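The structure under discussion appears below in the form of structure tokens.
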Amino acid sequence: MNYRHLTLEQRYQIAALHGAGESRKSIAEKIGRHPSTVGRELSRNRCGKAYTASHAHGLATQRRTLASSRSPLAPGVVAELTARLKQEHSPEQIAGRLGLLKAGKVSHTTVYRYARELGLHSHLRQPKRRRGYGQRRTGRFADRKPIQARPPEVAERSRIGDWEGDSVRPARGTGAVITLVERRSGFVRLTWSPDGTADAVSQAIECRMDRLADYIHTITFDRGSEFAEDRRLEKSLKAAIYFADPHSPWQRGCNENLNGLLRQYFPRSRDFSTITMEELQAAEDRLNDRPRKRLGYLTPSEVFFNPNHIALQC
């Protein structure tokens with residue numbers, strides 16, 4: 000029997016039945032699908048601990064679109080592409096030459112992607128520039144609120160509710176872990192985006208932070224393109240969003256420390272497209288329950304939920 004993707008209507012049924020406490024087997028019987036399909040859907044397309052039909056359908060659609068847009072090149076084309084990369088040819092030159100040789104239509108973007116996936120990015124003329132879906136363009140943030148405009152309480156860490164946000168990505172492949180850390184307590188929230196686009200990232204943040212909306216005064220991001228939907232987040236979370244200066248990671252020290260800790264659980268070699276919300280929740284719990292010297296060996300959870308504790312600097 001051919002595999003059929005779940006429809007949006009079926010996902011609404013799953014959400015309603017799951018919310019009513021129905022078992023996976025019962026849900027499967029009522030929508031006419033196999034229990035393993037329902038189980039996989041509830042595990043893979045969650046929004047935090049909850050399952051919402053619209054979010055799940057969006058994740059599934061993005062995943063299919065991404066997969067279908069990346070048809071593999073023929074082995075002979077890959078061999079030619081590899082040889083020319085090693086000769087320091089530019090992606091534009093390689094794409095043009097392959098077209099001239101009638102090896103098939105290959106865009107320079109595809110060459111960049113293969114260079115990254117084959118570990119040949121050092122042969123690019125600008126090897127340090129970020130490529131593909133995660134390319135970070137900072138010019139679009141020229142009219143946004145700079146970090147210098149934050150209220151003094153943020154730098155002083157005198158209250159709970161000032162957050163820093165960033166994304167952590169694998170060495171190769173797709174997917175991004177979105178990290179948010181509260182400055183005073185070090186309390187962590189983790190979520191996941193299938194493709195790192197601004198729309199997907201903002202939706203993931205909204206879902207993950209919704210229950211903490213009363214504890215969000217500000218969020219400070221770096222200028223990555225994945226945070227370009229900041230105005231949408233300001234409205235939905237009712238928080239002020241600021242941006243650090245370009246190439247200034249020290250301005251978000253809490254986040255940089257967190258990202259380093261996170262690599263213990265999700266190394267760069269990991270395929271981020273396979274990360275589940277259960278894994279993220281487990282890592283988040285461990286980080287939030289880890290005693291910190293700067294907190295007098297209290298945990299971030301203890302400080303976050305008891306603001307009378309005094310947090311030191313990150």
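By numbering that gives the first Met the number 0, the letter at position 167 of the sequence shown is numbered 166, and the numbering carries on one by one without gaps.
From the three backbone atoms N, C-alpha and C, an ideal C-beta is built for every residue, glycine too.
In this text, all values refer to a predicted model and were calculated from it rather than measured experimentally.
{"Query": "Run through the DSSP bridge pairs and tell me what residue 176 is partnered with.", "Result": "167 and 191"}
{"Query": "Is residue 166 near residue 180, with beta carbons less than 9 Å apart?", "Result": "no"}
{"Query": "Taking only runs of the alpha helix (DSSP H) that begin and end inside the stretch 11-35, which ones reach a length of at least 4 residues, in chain order?", "Result": "23-30"}
{"Query": "DSSP three-state label for residue 93, please.", "Result": "helix"}
{"Query": "Taking three-plus beta-carbon pairs below 8 Å as touching, is the stretch 194-209 in contact with the stretch 223-234?", "Result": "yes"}
{"Query": "Beta-carbon separation of residue 55 and residue 15 under 9 Å?", "Result": "no"}
{"Query": "Assuming residue 183 and residue 302 are in contact, meaning their beta carbons sit under 8 Å apart, how far apart are those beta carbons, in whole angstroms?", "Result": "7 Å"}
{"Query": "Would you kindly check if the distance between the Cβ of residue 277 and the Cβ of residue 235 is under 9 Å?", "Result": "no"}
{"Query": "What three-state label does DSSP hand residue 265 in the structure shown?", "Result": "coil"}
{"Query": "Please name the residue, chosen from 59, 238, 255 and 281, that lies closest to residue 246 on a Cα-to-Cα basis.", "Result": "255"}
{"Query": "Which stretch, first to last residue, makes up the beta strand (DSSP E) that contains residue 381?", "Result": "Outside the shown range of the chain, which is 0 to 313, sits residue 381, and nothing can be said about it."}
{"Query": "From the DSSP output, read off the bridge partner residues of residue 161.", "Result": "217"}
{"Query": "Quick check on residue 145: does DSSP put it in helix, strand or coil?", "Result": "strand"}
{"Query": "Use the C-beta contact count for residue 136: other C-beta atoms within 10 angstroms, 16 or more gives buried, fewer gives exposed.", "Result": "Bear in mind that a pLDDT of 48 at residue 136, under 50, signals an unreliable position, so the number given afterwards is only what the model happens to contain. That one is exposed."}
{"Query": "I'd like to confirm the pairing. Which residues does DSSP put opposite residue 181 in its beta bridges?", "Result": "162"}
{"Query": "Suppose contacts are defined by Cβ-Cβ distances below 9 Å. Is residue 53 in contact with residue 5 by that definition?", "Result": "no"}
{"Query": "Taking the alpha helix (DSSP H) that residue 85 falls in, what are its first and last residues?", "Result": "74-85"}
{"Query": "Excluding the five sequence neighbours on either side, which residues of its own chain have a C-beta within less than 6 Å of the C-beta of residue 84, listed in chain order?", "Result": "114, 119 and 122"}
{"Query": "Between residue 43 and the rest of its own chain, which residues show a CB-CB distance below 6 Å, the 5 nearest in sequence each way excluded?", "Result": "none"}
{"Query": "Measuring straight from C-alpha to C-alpha, what distance separates residue 316 and residue 112?", "Result": "This structure gives no information on residue 316, because the portion of the chain shown stretches from 0 to 313."}
{"Query": "Give a yes or no on whether the C-beta atoms belonging to residue 149 and residue 161 are separated by under 9 Å.", "Result": "yes"}
{"Query": "In chain order, what residues of the same chain have a beta carbon less than 7 Å from the beta carbon of residue 49, not counting five sequence neighbours either side?", "Result": "none"}
{"Query": "Quick check: the Cα distance between residue 250 and residue 240, rounded to an integer number of angstroms?", "Result": "14 Å"}
{"Query": "Report yes if the CB atom of residue 293 is closer than 9 Å to the CB atom of residue 185, and no otherwise.", "Result": "yes"}
{"Query": "DSSP three-state call for residue 49: helix, strand or coil?", "Result": "strand"}
{"Query": "For residue 288, which of helix, strand or coil comes out of DSSP?", "Result": "coil"}
{"Query": "Smallest Cα separation from residue 212: which of 190, 218, 220 and 237?", "Result": "237"}
{"Query": "If residue 258 sits next to residue 178, beta carbons under 8 Å apart, how far is it from one beta carbon to the other, in whole angstroms?", "Result": "6 Å"}
{"Query": "By a C-beta neighbour count over all protein chains shown, 10 Å radius and 16 as the cutoff for buried, is residue 170 buried or exposed?", "Result": "exposed"}
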